[in-house]
Amino acid sequence: MVESASDNAMALRCRGCHKVFDLIKRLPLIQSCCLDTSCQECWYRAFNDQGEFICPYQCGQKNVENPQEFRYNMQIKRSLELQPNPSYIMCDTHPLESVSLYDTHLK
Numbered sequence: 047m048v049e050s051a052s053d054n055a056m057a058l059r060c061r062g063c064h065k066v067f068d069l070i071k072r073l074p075l076i077q078s079c080c081l082d083t084s085c086q087e088c089w090y091r092a093f094n095d096q097g098e099f100i101c102p103y104q105c106g107q108k109n110v111e112n113p114q115e116f117r118y119n120m121q122i123k124r125s126l127e128l129q130p131n132p133s134y135i136m137c138d139t140h141p142l143e144s145v146s147l148y149d150t151h152l153k
């Protein structure tokens, strides 16, 4: 069976927010508790006000993750890097297209 581009893009989505992984702000990171993968944005949102990491996949564990130390899911990261046009940041409106301009000052 041949995998289409849309099937491949679906496989490269975060389970937490359902957005496509990218190589800038949605890097694929591995949780140490359940070894599942979330994007960098979901991973940082999983820290509560006391600095405790609560798994975004509800595996029932509070972890001792350090917000400065994380592990990439290298299989997904390499897959992103090997795409003809690496998806550095995917468009939220057009999820199969990467953005050409990105303003970090927009809110």
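Be aware that the sequence shown starts at 47, since it is given in this note's numbering, and climbs by one per residue. Here a beta-carbon is modelled for each residue, glycine too, at the ideal position from N, C-alpha and C. All values reported here derive from a predicted model rather than from experimental measurement.
Alpha-carbon spacing of residue i relative to residue j, whole angstroms
i	j	result
Met-47	Gln-129	Caution applies to Met-47, whose pLDDT of 37 falls short of 50 and renders its modelled position unreliable; the value that the coordinates give is listed next. So the two alpha carbons sit approximately 20 Å from each other.
Tyr-90	Cys-79	15 Å
Leu-126	Met-120	10 Å
Lys-71	Cys-85	8 Å
Gln-96	Lys-108	12 Å
Thr-139	Cys-63	14 Å
Phe-93	Cys-137	26 Å
Glu-81	Glu-115	A small correction: the amino acid at residue 81 is Leu; Glu does not occupy that position in the sequence shown. For Leu-81 and Glu-115, the distance between alpha carbons rounds to 15 Å.
For residue j and residue i, believed in contact at Cβ under 8 Å, the rounded distance
i	j	result
Cys-101	Gln-77	6 Å
Residue i and residue j closer than 9 Å at C-beta
i	j	result
Glu-98	Lys-65	no
Residues near residue i in its chain [Cβ-Cβ closer than 7 Å; skip 5 each side]
i	result
Ile-122	Leu-58, Phe-67, Pro-74 and Thr-83
Residues near residue i in its chain [Cβ-Cβ closer than 6 Å; skip 5 each side]
i	result
Ser-52	For Ser-52, the pLDDT reaches just 44, beneath the cut-off of 50, and the residue's location in the model is therefore unreliable, although a value from the coordinates is still provided. Once the five neighbours on either side are set aside, Ser-52 has no close Cβ partner at all.
Start-end ranges of the alpha helix (DSSP H) lying completely within the stretch 72-131, minimum 4 residues:
Entirely contained in the stretch 72-131, the alpha helix (DSSP H) runs reaching 4 residues are, in chain order, 86-91 and 120-127.
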